[in-house]
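Structure first, then comments.
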Amino acid sequence: MIRAMIGTVAVLAGFAVVERSVDASTGQGDACTPTDSYTWLQQGEFVPLRAEPSMGAPVVGRVQARSAEPDGARAMVSLSGSQGGWARVTTGDGRSQGWMPADLLMVDARVNGPLNVQTHPGAMGRKLVTLEGEEEVFRILGCRGAWLHVINARTGDAWIDRWCAKEEGCRG
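The opening position of the sequence shown corresponds to residue 3 in the working numbering, with each subsequent residue numbered one higher.
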């Protein structure tokens with residue numbers, strides 16, 4: 003009986019280690035489904051893109067808003083990976099690719115059907131809240147496969163698998 007309980011605890015601990023080690027928002031795994039997202043910038047402001055996910059890495063490009071509105075504008079990018087709080091992106095015009103701080107990126111969850119906001123991606127996640135017919139803005143923390151690691155004031159730190167950028171079509 004004790005051996006069975008120890009075995010069960012060891013298996014559950016193993017799942018926790020595997021789950022933590024492949025978490026693309028904090029670990030080394032960095033691939034995800036290409037995702038349209040945006041950052042909100044003021045006129046003349048830009049975000050440097052780095053060659054590596056590090057502040058000390060060389061600048062290889064920049065993200066800048068397409069329009070110059072007095073109150074700011076969206077700069078669209080395609081997110082393709084994340085690592086340690088950094089996002090690998092391609093600019094909306096496709097001219098530059100590099101790394102930027104992930105929490106500068108946002109997506110809007112505005113879907114026609116229910117959206118489950120979960121504690122973890124996939125079957126291991128517990129549902130935190132279901133959004134339906136509502137619009138929520140999430141900051142991106144990272145990604146894994148078809149899932150986005152996000153945060154906002156209502157749901158806190160969570161994972162979603164459907165979202166959209168306002169000017170673009172919804173995914174999911």
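We put the CB at the ideal spot given by N, CA and C, even for glycine.
For residue i: DSSP bridge partner residues
| i | result |
| --- | --- |
| residue 56 | The partner list for residue 56 (beta bridge, DSSP) is empty, contrary to what the question assumes. |
| residue 116 | DSSP, once it has assigned bridges, lists no residue as partnering residue 116. |
| residue 85 | 88 |
| residue 122 | BP columns for residue 122 are empty, so no partner. |
| residue 45 | BP columns for residue 45 are empty, so no partner. |
| residue 150 | 145 and 162 |
| residue 64 | 50 |
Cβ-based neighbour list, residue i, same chain, cut-off 6 Å, excluding 5 preceding and 5 following
| i | result |
| --- | --- |
| residue 118 | 129 and 132 |
| residue 36 | 80 and 82 |
| residue 98 | 51 and 63 |
| residue 134 | 116 |
Closest Cα partner of residue i within the set the options
| i | options | result |
| --- | --- | --- |
| residue 137 | 67, 149, 151 and 108 | 108 |
| residue 105 | 44, 88, 148 and 94 | 88 |
| residue 146 | 75, 160 and 93 | 160 |
| residue 111 | 41, 140 and 52 | 140 |
| residue 91 | 57, 41, 164 and 156 | 41 |
| residue 46 | 164, 58 and 75 | 75 |
| residue 34 | 135, 53, 158 and 142 | 142 |
CB of residue i within 9 Å of CB of residue j, strictly
| i | j | result |
| --- | --- | --- |
| residue 86 | residue 55 | yes |
| residue 62 | residue 79 | no |
| residue 123 | residue 149 | yes |
| residue 120 | residue 162 | yes |
Supposed close pair residue i, residue j - CB separation, criterion 8 Å
| i | j | result |
| --- | --- | --- |
| residue 49 | residue 102 | 5 Å |
Beta-carbon proximity list for residue i, same chain, < 8 Å, skipping 5 on both sides
| i | result |
| --- | --- |
| residue 94 | 68, 77, 78, 79 and 80 |
Residues near residue i in its chain [Cβ-Cβ closer than 7 Å; skip 5 each side]
| i | result |
| --- | --- |
| residue 53 | 59, 60, 62 and 100 |
| residue 157 | 119, 130 and 131 |
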